[in-house]
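Report on one structure; see the data block that follows.
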Amino acid sequence: MRSSAVPQKAVILVGGEGTRLRPLTNGIPKPMMPVLNRPFLEHTIAYLRQCGIDFTILALSYLPEVIQAHFGDGSKLGVQLAYAVEHSPLGTAGAVKNAERYLDSTFVVLNGDIFTNLDLADMFAFHRRKGAKATIALTYVDNPCAFGVVETDDVGRVRRFVEKPKPDQVPSNWINAGIYILEPETLEHVPADRHYMFENGLFPLLLELGEPVYGYRFRGYWLDMGTPEKYLCLNCDLLSLKEKSALISGLSKDGIYCDGDVTIHPSAQIVGPAIIASRCQIGRKVHIKGPVVMGPGCSIADEASLEEVVLWRGVNIGAGAILKQCVIGDEAEVEARAQLINRVLPPRLS
Ligand code: GDD
Ligand code: MG
33 MRSSAVPQKA
43 VILVGGEGTR
53 LRPLTNGIPK
63 PMMPVLNRPF
73 LEHTIAYLRQ
83 CGIDFTILAL
93 SYLPEVIQAH
103 FGDGSKLGVQ
113 LAYAVEHSPL
123 GTAGAVKNAE
133 RYLDSTFVVL
143 NGDIFTNLDL
153 ADMFAFHRRK
163 GAKATIALTY
173 VDNPCAFGVV
183 ETDDVGRVRR
193 FVEKPKPDQV
203 PSNWINAGIY
213 ILEPETLEHV
223 PADRHYMFEN
233 GLFPLLLELG
243 EPVYGYRFRG
253 YWLDMGTPEK
263 YLCLNCDLLS
273 LKEKSALISG
283 LSKDGIYCDG
293 DVTIHPSAQI
303 VGPAIIASRC
313 QIGRKVHIKG
323 PVVMGPGCSI
333 ADEASLEEVV
343 LWRGVNIGAG
353 AILKQCVIGD
363 EAEVEARAQL
373 INRVLPPRLS
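And the structure:
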């Protein structure tokens with residue numbers, strides 16, 4: 033029997049409140065944040081599907097009911113979804129252990145806040161070639177201090193992990209990209225129903241046991257959307273075609289995409305790329321300079337100006353307000369003539 037080009041199943045880790053994204057994520061799980069007006073997690077599931085994986089397990093610890101209600105059995109996205117829900121957060125490895133009943137062959141694990149175009153088939157071929165029990169994708173970043181640094185030898189075998197190193201203790205710029213290929217037997221080392229992490233638990237343990245753990249270096253697009261800056265950056269990169277989402281097709285350079293029932297005053301000036309969702313209203317002499325994403329039902333009053341901005345649904349921007357590099361949550365109000373540069377406004381909770 034020929035082995036397949038990619039593992040058959042993937043687990044996506046969906047936990048934590050996304051503390052660095054607060055207050056934006058008050059009340060919504062980080063992976064449900066809209067990216068080009070679609071929940072982030074839809075992009076991830078579409079990516080896996082494009083790679084050839086159409087069975088995904090969502091390992092959930094934070095607001096699981098919101099995610100289950102949205103995704104159901106996955107059929108709307110053309111995939112099969114299963115859920116492994118934690119009663120209390122089990123940590124990254126504990127969450128996968130909690131999904132063990134689904135994992136009977138080599139599988140992929142993905143942090144739920146990663147956007148990437150990593151070639152999973154190539155990583156899987158590397159994993160097989162090396163005879164690895166665990167392969168960790170590694171990406172190069174300029175500042176590794178917010179990540180887990182992974183040291184490897186000449187042939188890619190992992191020597192050491194340094195999670196979130198201090199600036200004067202950075203051994204390498206290659207970091208754990210939050211994407212793993214694992215053999216199911218590695219989960220035998222993970223305690224059940226207890227908080228346990230890959231980063232400072234299972235991976236260092238596998239090294240101690242002399243198990244083959246490898247680092248797979250790749251240079252493609254990679255972003256952890258866990259800060260407001262990175263979240264905005266992801267929206268802008270996708271809209272200006274620096275990177276492509278498997279979920280969204282038909283974007284063109286500097287395009288302006290309006291849903292049918294938007295109202296735009298003839299004197300408004302819009303320079304793409306911009307997405308303007310249904311029921312948006314754009315007033316007289318409004319100035320929009322993309323990349324800009326507007327969720328459904330936003331209202332931009334006269335002479336306001338927006339540049340590099342993501343608005344969620346139902347946002348009201350007052351007359352003459354100026355917004356640059358901002359993320360504005362659901363139903364938020366921006367006062368007339370306010371000047372917001374590099375700001376985040378949380379959703380107004382109903
Ligand atoms: N289900 C579940 N349960 N998921 C969890 C839990 C949990 O208890 N704890 C964390 N997660 C999920 C988060 O929701 C996220 O999708 C992923 O695990 C990683 O957690 P983060 O909180 O985003 O970690 P980080 O970004 O600081 O660091 C991790 O990712 C970096 C790459 O972005 C580490 O894996 C680093 O080593 C890595 O470099
Ligand atoms: Mg993260």
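Count along the sequence shown starting at 1, add 32, and that's the number in the working numbering.
Positions of the beta carbon are idealized from the N, C-alpha and C atoms, including for glycine.
No experiment lies behind these values; they were computed from the predicted model shown.
Would you call the region 173–191 and the region 215–222 in contact, with 3 or more CB pairs under 8 Å? no
Just to check, is the beta-carbon of D256 closer than 7 Å to a non-hydrogen atom of the ligand GDD? As a working note, residue 256 is residue 224 in the sequence shown. The answer is yes for D256.
With a threshold of 7 Å (Cβ to nearest heavy atom), would A127 be considered close to the ligand GDD? To locate residue 127, count along the sequence shown from 1; it is residue 95. Yes, Cβ of A127 sits closer than 7 Å to a heavy atom of the ligand GDD.
Whose CA, out of N69, H102 and Y94, lies closest to the CA of S120? Within the sequence shown, residue 120 is the residue found at index 88, counting from 1. Ranking the options by Cα distance to S120, first place goes to Y94.
Exposed or buried, which one is S320 when buried takes at least 16 other CB atoms within 10 Å? Within the sequence shown, the letter at position 288 stands for residue 320. Here residue 320 is Ile; the residue named in the question, Ser, does not match the sequence. It is buried - the Cβ of I320 has at least 16 other Cβ atoms within 10 Å.
Nearest to T171 by CA position, among Y212, P199, K165 and Q201, is which residue? Along the sequence shown, read from residue 1 onward, the residue named residue 171 stands at position 139. Looking at the Cα atoms, Y212 is the closest of the given residues.
Sequence ranges, beta strand (DSSP E) only - wholly within the region 88–166, length at least 3: 112–117, 139–143 and 146–148
So, for L377: in the same chain, excluding its five sequence neighbours on each side, which residues have a beta-carbon less than 8 Å away from its beta-carbon? Residue 377 sits at position 345 when you count from the first residue of the sequence shown. Around L377: C358, V359, I360, G361, A364 and V366.
Tell me the rounded alpha-carbon separation between N374 and A351. Start at 1 with the first residue of the sequence shown, and residue 374 comes out as number 342. Start at 1 with the first residue of the sequence shown, and residue 351 comes out as number 319. Roughly 19 Å separates the two Cα atoms.
Consult DSSP for I77 and reduce its assignment to one of helix, strand or coil. Here residue 77 refers to the residue found at position 45 when the sequence shown is read from its first residue. Helix, per DSSP.
Report yes or no: do three or more beta-carbon pairs, one from the region 43–59 and one from the region 84–98, lie closer than 8 Å? yes
Is the beta carbon of G247 within less than 7 Å of some heavy atom of the ligand GDD? Position 215 of the sequence shown holds residue 247. For the ligand GDD, not one heavy atom lies less than 7 Å from the Cβ of G247.
Given this structure, state the Cα-to-Cα distance separating A306 from A157, to the nearest angstrom. Taking the sequence shown and counting its residues from 1, one reaches residue 306 at position 274. Taking the sequence shown and counting its residues from 1, one reaches residue 157 at position 125. For A306 and A157, the distance between alpha carbons rounds to 39 Å.
So F235 is in the alpha helix (DSSP H); what residue range does that whole segment cover? Translated into the one-based positions of the sequence shown, residue 235 becomes position 203. Residues F235 to E240.
Classify H221 as helix, strand or coil using the three-state DSSP reduction. By one-based count along the sequence shown, residue 221 stands at place 189. The answer is helix: DSSP assigns H221 an H, G or I state.
One or two residues paired with C290 in a DSSP bridge: Taking the sequence shown and counting its residues from 1, the one referred to as residue 290 is at position 258. I308, per the DSSP bridge assignment.
Supposed close pair T167, M155 - CB separation, criterion 8 Å: The residue given as residue 167 occupies position 135 in the sequence shown. The residue given as residue 155 occupies position 123 in the sequence shown. T167 to M155, Cβ: 6 Å. Contact.
Compute the Euclidean distance between the alpha carbons of H227 and L237, then round it to the nearest angstrom. Counted from its first residue, the sequence shown places residue 227 at position 195. Counted from its first residue, the sequence shown places residue 237 at position 205. Approximately 15 Å, taken between the alpha carbons.
Assuming the contact rule is C-beta atoms closer than 8 Å, N267 and P197 should be a hit. Round their C-beta distance to whole Å, please. The residue labelled residue 267 in the question sits at position 235 within the sequence shown. The residue labelled residue 197 in the question sits at position 165 within the sequence shown. Not confirmed; about 29 Å, so no contact.
Drop a sphere of 10 angstroms on the beta-carbon of T241, count the other beta-carbons inside from all chains shown, and report buried for 16 or more, exposed for fewer. Numbered from its first residue, the sequence shown carries residue 241 at position 209. The question names Thr, yet the displayed sequence has Leu at residue 241. Classification for L241: exposed.
Reduced DSSP secondary structure (H/G/I, E/B, other) of Y228: If you number the sequence shown from 1, residue 228 lands on position 196. It is coil, neither helix nor strand.
Does the beta-carbon distance from P63 to L56 come in below 8 Å? Position 31 of the sequence shown, counted from the start, is the residue given in the question as residue 63. Position 24 of the sequence shown, counted from the start, is the residue given in the question as residue 56. No, the Cβ-Cβ distance between P63 and L56 is not below 8 Å.
Exposed unless 16 or more other CB atoms sit within 10 angstroms - verdict on D293: Walking along the sequence shown from the start, residue 293 turns up at place 261. D293 is exposed by the Cβ-count criterion.
Identify, in the order they occur along the chain, each residue of the same chain with its Cβ nearer than 8 Å to the Cβ of T76, setting aside the five sequence neighbours on each side. Numbered from 1 along the sequence shown, position 44 holds the residue referred to as residue 76. These residues qualify, in order along the chain: I44, P63, L142, G144, I146 and F147.
Mind checking T184: buried by the 16 CB within 10 Å criterion, or exposed? For the purposes of this step, residue 184 is taken as the residue at position 152 of the sequence shown. It counts as buried.
Going by DSSP, what residue range makes up the alpha helix (DSSP H) through K285? Here residue 285 refers to the residue found at position 253 when the sequence shown is read from its first residue. Neither: K285 is in no alpha helix (DSSP H) and is coded neither H nor E.
Is D334 helix, strand or coil when you go by DSSP? Translated into positions along the sequence shown, residue 334 becomes position 302. Three-state DSSP puts D334 in coil, outside helix and strand.
Have a look at S299, G304 and L271 and flag the residue whose alpha-carbon is nearest the alpha-carbon of D286. Residue mapping note: residue 286 aligns to position 254 of the sequence shown, counting from 1. Measuring from the Cα of D286, the nearest candidate turns out to be G304.
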